[in-house]
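All remarks here apply to the structure that follows.
Residue numbers (full-length UniProt numbering): 1 to 347.
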């Protein structure tokens, strides 16, 4: 089975522009389960979820923000997973699923952890309760707001009691802390002397890992937010061809509607009206696809190159730091990615 799970502290989804950027990235990454944290939203409804993830088969459960702080959203594709139970706590939201294809029953918890040590203890108790109540293979993802080891925070050399409690939680529940590929840190703030840490992670039970032994965890570029998205992937086989989609950016191109009218008029077929209409639609689609490839084909390549640049610079920052020129290069790349993602936004 192929499975893709995305965990990302998005640092707020209140802004329409930011939602459009996140939506475009989610479409690009083609995941089956998506868990944004720190949404800073309350009362999320289906329409808002649809504006964030364009999957027509989405199901979801949310933990509301308290005033404008926190908030966790857990979304999944109903063609892949069918939910059987849901639990919303104070720090996490959890779903028990059954795989549509393989029938495998497992649970997932999306977490946004507190920074207060006393509240953090309540979070550990809450997660222990979820794991013990369902007693099924389990995946726990999110921003825990705590690191396990001093090496996971840039410039830190002291092992704190909170770190030890985090490791005890992992040991007591017999969880695997998956290796992180693509960098050492998941959060970064600042430019010249950045603060960096690994406060976001994915933990899985051993029986979950036995079911999906080829699981990998990697960080992705983050054009928005100071947290890196984390992608958990099982299988990793290529997905099928993406369906035809109408793009907003076409309407912004001078003469596009005239071109469509010309393409439509030049095709002629003989048969019943419904057959002729279907054939003309198919021919028009091919015309648009070919024109889009010539007119905008560079957009996808440019976006891929920019995201790769961001990924390399972010990884270098965590290991060696960045020069002033590289900091400037990254800022320009982020600006250009945002513009390209906005241009590609789907109607």
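Glycine included, every Cβ here is placed at the ideal spot set by N, Cα and C.
Find out if the Cβ-Cβ distance for the pair residue i, residue j is shorter than 9 Å.
i	j	result
residue 74	residue 95	yes
residue 111	residue 155	no
residue 93	residue 62	yes
residue 36	residue 22	yes
residue 317	residue 167	no
residue 201	residue 173	no
residue 334	residue 310	yes
Roughly how many angstroms lie between the CA atoms of residue i and residue j, to the nearest whole one?
i	j	result
residue 86	residue 48	20 Å
residue 260	residue 284	8 Å
residue 30	residue 250	23 Å
residue 346	residue 52	For residue 346, the predicted model reports a pLDDT of 43, less than 50, meaning its position is unreliable and no value from the coordinates is stated.
residue 126	residue 113	11 Å
residue 13	residue 319	30 Å
residue 239	residue 79	Since pLDDT at residue 239 reaches only 48, below the 50 mark, its modelled position is unreliable, and no value is offered.
residue 133	residue 205	14 Å
residue 199	residue 147	5 Å
residue 39	residue 229	14 Å
residue 237	residue 101	Below a pLDDT of 50, predicted positions are generally treated as unreliable, and residue 237, at 46, falls in that range; no measurement from the model is reported.
residue 66	residue 227	20 Å
Under the three-state reduction of DSSP, which class applies to residue i: helix, strand or coil?
i	result
residue 214	coil
residue 1	coil
residue 121	helix
residue 328	helix
residue 128	helix
residue 20	helix
residue 102	coil
residue 397	A question about residue 397 goes unanswered here, because the residues of the chain that appear run from 1 up to 347.
residue 289	helix
residue 177	strand
residue 38	coil
residue 347	With a pLDDT of 37 at residue 347, under the threshold of 50, the modelled position of this residue cannot be trusted; read the value that follows with caution. Residue state, collapsed to three classes: coil.
residue 27	helix
residue 97	strand
residue 262	helix
residue 195	strand
On the DSSP letters alone, give me the boundaries of the alpha helix (DSSP H) that residue i sits inside.
i	result
residue 187	From DSSP, residue 187 is part of no alpha helix (DSSP H) but of the beta strand (DSSP E) over 187 to 189.
residue 154	First-last for residue 154: undefined, no H or E at that position.
residue 75	No alpha helix (DSSP H) contains residue 75, which is instead part of the beta strand (DSSP E) from 72 to 77.
For the beta strand (DSSP E) that residue i lies in, which residues bound it at each end?
i	result
residue 115	Where residue 115 is concerned, there is no enclosing beta strand (DSSP E), given that its DSSP letter is neither H nor E.
residue 86	81 to 88
residue 231	230 to 234
Give me the DSSP bridge partner(s) of residue i.
i	result
residue 305	Residue 305 is not bridged to any residue.
residue 201	142
residue 92	111
residue 59	76
residue 6	34, 231
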